Amino acid sequence: KQEVTQIPAALSVPEGENLVLNCSFTDSAIYNLQWFRQDPGKGLTSLLLIQSSQREQTSGRLNASLDKSSGRSTLYIAASQPGDSATYLCASYFGNEKLTFGTGTRLTIIP
Amino acid sequence: GAGVSQSPSNKVTEKGKDVELRCDPISGHTALYWYRQSLGQGLEFLIYFQGNSAPDKSGLPSDRFSAERTGGSVSTLTIQRTQQEDSAVYLCASSRGTGPRDTQYFGPGTRLTVL
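Protein sequence lines correspond, in order, to chains A and B. Our numbering numbers the first residue of the first sequence as 8 and each following residue consecutively. Our numbering numbers the first residue of the second sequence as 2 and each following residue consecutively.
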């Protein structure tokens, strides 16, 4: 059974700091890995998608990396802002047409 | 352009009643997914539609749950004889295809509360 884990469940950092969110998966035969953001009471917003052949993707202040051999992905957020406060979810796609989600990391940026 | 929309945004019902949740995917997207997000838990896959193929129902938790997709567009998730454990946020997503480059775009969800 494919499993995706995110630790810690919650994280608080002062504004302006760089931070890293972690995601691990048990099956290295992934097709891609996605990072999403979820604001309270809202749906999910896709942030970055890394295909299995890629090592990283960047969008603005966000950088996501993928290491299939170790079963890990990280989401790096540079120069954090209060607006970055949200729950961040990673999800793996194993080619069976459905995403397997982690339970998320709730991020709070302290002004 | 228009994203994935879902209705209603909130639904409160009594135990034992049937409910219908609606999803309008992004125009042109052939794949449509339903997920459930229960309090304190991750997103749980429910069902998946791809074009005219038979849906993948492997995630439906019981036979009280069913879904259909009419005309390859709008989808309805029906829960019969609702139970309190059905209370959750039901999220719909669509994607252009099912390849490794195809991002799933999510709607805002329907929050279902069963009293």
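Here a beta-carbon is modelled for each residue, glycine too, at the ideal position from N, C-alpha and C. Given the structure is predicted, the values throughout are model-derived calculations rather than measurements.
Q: Report buried or exposed for Gln105 (chain B), applying the criterion of at least 16 other Cβ atoms within 10 angstroms of its Cβ.
A: Flag for Gln105 (chain B) reads buried.
request  = Rounded to whole angstroms, what's the CA-CA distance from Ser6 (chain B) to Gly67 (chain A)? Just pull it up for me.
outcome  = Whole-angstrom Cα-Cα distance: 27 Å.
Looking at chain A, which residues of the stretch 99–110 of chain B have a Cβ within less than 9 Å of any of its Cβ atoms?
-> Within the stretch 99–110 of chain B, the qualifying residues are Thr99, Gly100, Pro101, Arg102, Asp103, Thr104, Gln105, Tyr106, Phe107, Gly108, Pro109 and Gly110.
Q.
Residues of the stretch 74–94 of chain B in Cβ contact with chain E at a cutoff of 7 Å, in chain order, please.
A. Reference to chain E is not applicable here, since the protein chains of this structure are A and B.
Applying a beta-carbon distance threshold of less than 8 Å, which residues of chain B neighbour Gly111 (chain A)?
The answer, in chain order, is Gly43.
- request: Can you pull the chain B residues whose beta carbon is under 9 Å from the beta carbon of Leu106 (chain A), in chain order?
  value: Neighbourhood of Leu106 (chain A) in chain B, by CB distance below 9 Å: Tyr34, Tyr36, Leu44, Phe46, Ala94 and Gln105, in chain order.
Worksheet item: Regarding Asn70 (chain A) and the ligand COA, is the C-beta to nearest heavy atom distance less than 7 Å?
Response: Looking for the ligand COA in the displayed structure turns up nothing, as the structure carries no ligands at all.
Item to complete: Please determine, among B:Ser28, B:Gln42, B:Lys18 and B:Gly4, the residue with the shortest C-alpha to C-alpha distance to Ala16 (chain A).
Response: Comparing Cα positions, the closest option is B:Gln42.
Taking only the alpha-carbon atoms, compute the straight-line gap between Leu92 (chain B) and Lys49 (chain A) and give it to the nearest angstrom. A straight-line Cα-Cα distance of about 10 Å links Leu92 (chain B) and Lys49 (chain A).
*asked:* If we define contact as Cβ-Cβ less than 8 Å, is Ser31 (chain A) a contact residue for chain B?
replied: Output row for Ser31 (chain A): interface = no.
For the beta strand (DSSP E) that contains Lys8 (chain A), what are its first and last residues? Unbroken run through Lys8 (chain A): none, as it is neither H nor E.
Next item on the list: If I'm right that Ser63 (chain B) touches Pro26 (chain B) with Cβ under 8 Å, what's the distance once you round it to whole angstroms?
Entry: 25 Å between Cβ atoms; not a contact.
TODO: Run down chain B in chain order and give the residues with a C-beta less than 7 Å from the C-beta of Lys49 (chain A).
DONE: Within 7 Å Cβ-Cβ: Pro109.
message = According to DSSP, simplified to helix, strand and coil, what is Thr111 (chain B)?
response = In the structure shown, the three-state DSSP call for Thr111 (chain B) is strand.
Residues in its own chain within less than 6 Å of Asn25 (chain A) by CB, not counting five upstream and five downstream?
Result list for Asn25 (chain A): Ala85, in chain order.
Exposed unless 16 or more other CB atoms sit within 10 angstroms - verdict on Leu116 (chain B):
Around the beta carbon of Leu116 (chain B), fewer than 16 other beta carbons sit within 10 angstroms, so the residue counts as exposed.
Okay, do the stretch 94–108 of chain A and the stretch 40–56 of chain A touch, 3+ Cβ pairs below 8 Å being the bar? Taking a cut-off of 8 Å for Cβ pairs, the stretch 94–108 of chain A and the stretch 40–56 of chain A touch, as three or more such pairs fall below it.
So Leu56 (chain A) contacts chain B; which residues on that side make the cut at Cβ distance below 7 Å? For Leu56 (chain A), the C-beta contacts it makes with chain B under 7 Å involve Thr104, in order along the chain.
Glu10 (chain A) versus Asp91 (chain A): straight-line alpha-carbon distance, rounded: Taken atom to atom, the span from the alpha-carbon of Glu10 (chain A) to that of Asp91 (chain A) is near 26 Å.
- Message: Less than 8 Å between the C-beta atoms of Thr115 (chain A) and Gln13 (chain A), yes or no?
- Response: No, Cβ-Cβ distance for Thr115 (chain A) and Gln13 (chain A) is not below 8 Å.
Item to complete: Please name the residue, chosen from A:Val27, A:Ser19, A:Gly23 and A:Phe32, that lies closest to Thr107 (chain A) on a Cα-to-Cα basis.
Response: Closest in alpha carbon position to Thr107 (chain A), among A:Val27, A:Ser19, A:Gly23 and A:Phe32, is A:Phe32.
At least one CB of chain B closer than 8 Å to the CB of Ser53 (chain A): is that the case? Judged by the 8 Å Cβ criterion, Ser53 (chain A) is in contact with chain B.
Discussion item. Against chain B, with Cβ distances strictly below 8 Å, would Gln64 (chain A) count as a contact?
Written reply: At a cut-off of 8 Å between beta carbons, Gln64 (chain A) makes no contact with chain B.
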